[in-house]
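Undergrad:
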Amino acid sequence: MTAADTRTSDDSTTLPLLVALMRRLEATTSLDALNRLYEPTARALLSSPRRRDLLRGTSLGHAVHPPLTDVPIGAWLCTSALDLAGGERARPAAQGLLALGLAAAGPTIVTGIAEWGATSGAERRVGSVHAMTNAVGVGLYGWSLAARLRGGHRAGALLAMAGGVAVSVGGFLGGHLSSARKVSSRHPVFGDDPALL
Numbered sequence: 000m001t002a003a004d005t006r007t008s009d010d011s012t013t014l015p016l017l018v019a020l021m022r023r024l025e026a027t028t029s030l031d032a033l034n035r036l037y038e039p040t041a042r043a044l045l046s047s048p049r050r051r052d053l054l055r056g057t058s059l060g061h062a063v064h065p066p067l068t069d070v071p072i073g074a075w076l077c078t079s080a081l082d083l084a085g086g087e088r089a090r091p092a093a094q095g096l097l098a099l100g101l102a103a104a105g106p107t108i109v110t111g112i113a114e115w116g117a118t119s120g121a122e123r124r125v126g127s128v129h130a131m132t133n134a135v136g137v138g139l140y141g142w143s144l145a146a147r148l149r150g151g152h153r154a155g156a157l158l159a160m161a162g163g164v165a166v167s168v169g170g171f172l173g174g175h176l177s178s179a180r181k182v183s184s185r186h187p188v189f190g191d192d193p194a195l196l
């Protein structure tokens, strides 16, 4: 990335590195091919208006995906904390939390697909990379659980930490979508009024 890549449209100020990286990711049209892979799943999932409204939280007036992410992320963070500081006695608890996170990932993924289905352009590209990095994280956590079940706690702990890195990147991208791009189901009363956002 050159200095020119981090400048704003009027070239008067330099953008922070993460902002410049997100702008570049949003403009990467080659990601549209990846989007086409996800679209049939999203279309099938959202084909029923009732199911779409349920998964997007329409009746609640708030997206359900963001709060659902807290369960797997929290469980996995606690898994790694127990791996690092809990000693051998904490291994069953770490394994249980890891399994809880994997179980909670299912509804979290489905509601994420429902939110992604309402996006386009730059937001859809970032959403696809968000999904990919989280899929890598879930895969690593699944591998971690498999290793632990075979008695490989140390390998399982390392795999969980790698999964944590992937999920953290995915979380950053999800935060960008929610905070910077305002991608999320919400009740119309909140609209675009800055005082209400």
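When we follow numbering that gives the first Met the number 0, the leftmost residue of the sequence shown carries the number 0, and every step to the right adds one. From the three backbone atoms N, C-alpha and C, an ideal C-beta is built for every residue, glycine too.
Near L76, what residues of its chain come up, given a Cβ to Cβ distance below 8 Å and the 5 sequence neighbours on each side ignored?
TA: If we look at L76 and ignore the five residues flanking it on each side, its Cβ neighbours are G163.
Undergrad: Measuring CB to CB, does T110 end up less than 9 Å from L54?
TA: Going by C-beta atoms, T110 is nearer than 9 Å to L54.
Undergrad: Pick out whichever of R185, G174, S184 has its Cα sitting closest to the Cα of M21.
TA: Answer by Cα proximity: G174.
Undergrad: Around the Cβ of S127, are there at least 16 other Cβ atoms within 10 angstroms (buried) or fewer (exposed)?
TA: Answer is buried; the Cβ neighbour count reaches 16.
Undergrad: Measuring CB atoms only, is the stretch 76 to 94 touching the stretch 23 to 30, in the sense that at least three cross pairs come out at less than 8 Å?
TA: No, they do not touch.
Undergrad: Cα-Cα, which of F189, S183, V188 is closest to G56?
TA: G56 has its Cα closest to that of S183, out of F189, S183, V188.
Undergrad: W63 lies in the alpha helix (DSSP H); which residues open and close that run?
TA: Per the sequence shown, the amino acid found at residue 63 is Val instead of Trp. From DSSP, V63 is part of no alpha helix (DSSP H); its letter is neither H nor E.
Undergrad: Quick check on R149: buried or exposed, where buried means 16 or more other Cβ atoms within 10 Å of its Cβ?
TA: Looking at its Cβ environment, which holds fewer than 16 other Cβ atoms inside 10 Å, R149 is exposed.
Undergrad: How long is the line joining the alpha carbons of A93 and T132, rounded to whole angstroms?
TA: Computed Cα separation, rounded: 23 Å.
Undergrad: Just checking, does the stretch 38 to 47 make contact with the stretch 98 to 116 on the three C-beta pairs under 8 Å criterion?
TA: With a cut-off of 8 Å, the stretch 98 to 116 and the stretch 38 to 47 count as touching, because enough Cβ pairs lie within range.
Undergrad: Pull up the distance between the alpha-carbon of R185 and that of D52, whole angstroms please.
TA: Rounded to the nearest angstrom, the two C-alpha atoms are 11 Å apart.
Undergrad: What does the Cβ neighbour count give for P48, buried or exposed, with the cut at 16 atoms within 10 Å?
TA: With fewer than 16 Cβ atoms within 10 Å of its Cβ, P48 is classed as exposed.
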